[in-house]
Structure formats: C-alpha cells, structure tokens
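For the sequence shown, the residue numbers in my numbering are 11 to 81. For glycine and all other residues, C-beta sits at the position ideal for the given N, C-alpha and C. Please read all numbers here as calculations on a predicted model, not as lab measurements.
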Amino acid sequence: MKHNVGIIDMVIRSVLGIGILAYLAKDGVFHPGSIPGIVIAVVLIATAVLRYCPLYQLLGFTTSKPLDRSA
Numbered sequence: 011m012k013h014n015v016g017i018i019d020m021v022i023r024s025v026l027g028i029g030i031l032a033y034l035a036k037d038g039v040f041h042p043g044s045i046p047g048i049v050i051a052v053v054l055i056a057t058a059v060l061r062y063c064p065l066y067q068l069l070g071f072t073t074s075k076p077l078d079r080s081a
C-alpha cells in the first residue's frame, strides 16, 4: 500500500477521530445511537495510522509528498 495521506492530513484525521470518540463517550458510556459516529471516528483514526485512504486512491488524489531520495 502506497501512502496517500500526508502529515497534516494525518494529524487532522487523528484529532477529529479522537475528538468524536471523546464527545460520544462524554458520559462515560457509548449509547446505541452513537454507532455511526463511532464508525466514522474509527475510520478516521485507521486512515491516519495507516496513512492510506481508499477514497483518495479511488479519486487519484494524494496529500502525501514524495520522498526526496537524491541526498
């Protein structure tokens, strides 16, 4: 898998995912109605950790810069 999620994108996804989970668990418990939010948060965190987004791949988009191997 080639990385297509850049550093800034990775940080934003991580912060949003953790923020959504924290908001949904503010009472200390996840409620059954919060399942869609949990799924979104987990997807955001997973794509940040893996630095790969299938939607970006499908659209041919990337926020990752190629490595400079000339040094």
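Residues near residue i in its chain [Cβ-Cβ closer than 8 Å; skip 5 each side]
| i | result |
| --- | --- |
| Arg23 | Val15, Leu54, Ile55, Thr57, Ala58 |
| Tyr62 | Met11, Lys12, His13, Asn14, Val15 |
N- and C-terminal bounds of the alpha helix (DSSP H) containing residue i
| i | result |
| --- | --- |
| Arg23 | 17-34 |
| Gly43 | Taken as a continuous stretch (DSSP letters only), Gly43 belongs to no alpha helix (DSSP H), as it is neither H nor E. |
| Tyr66 | 64-69 |
Neighbourhood of residue i by C-beta, 6 Å cutoff - its chain only, sequence neighbours within 5 removed
| i | result |
| --- | --- |
| Asp19 | Thr73 |
| Ser44 | Leu34 |
Proximity winner among the options, relative to residue i (alpha-carbon distances)
| i | options | result |
| --- | --- | --- |
| Gly47 | Leu65, Ile17, Leu31 | Leu31 |
| Tyr33 | Leu68, Ile17, Ala51 | Ala51 |
Contact set for residue i: own chain, Cβ-Cβ below 7 Å, skip 5 residues either direction
| i | result |
| --- | --- |
| Leu26 | Leu54 |
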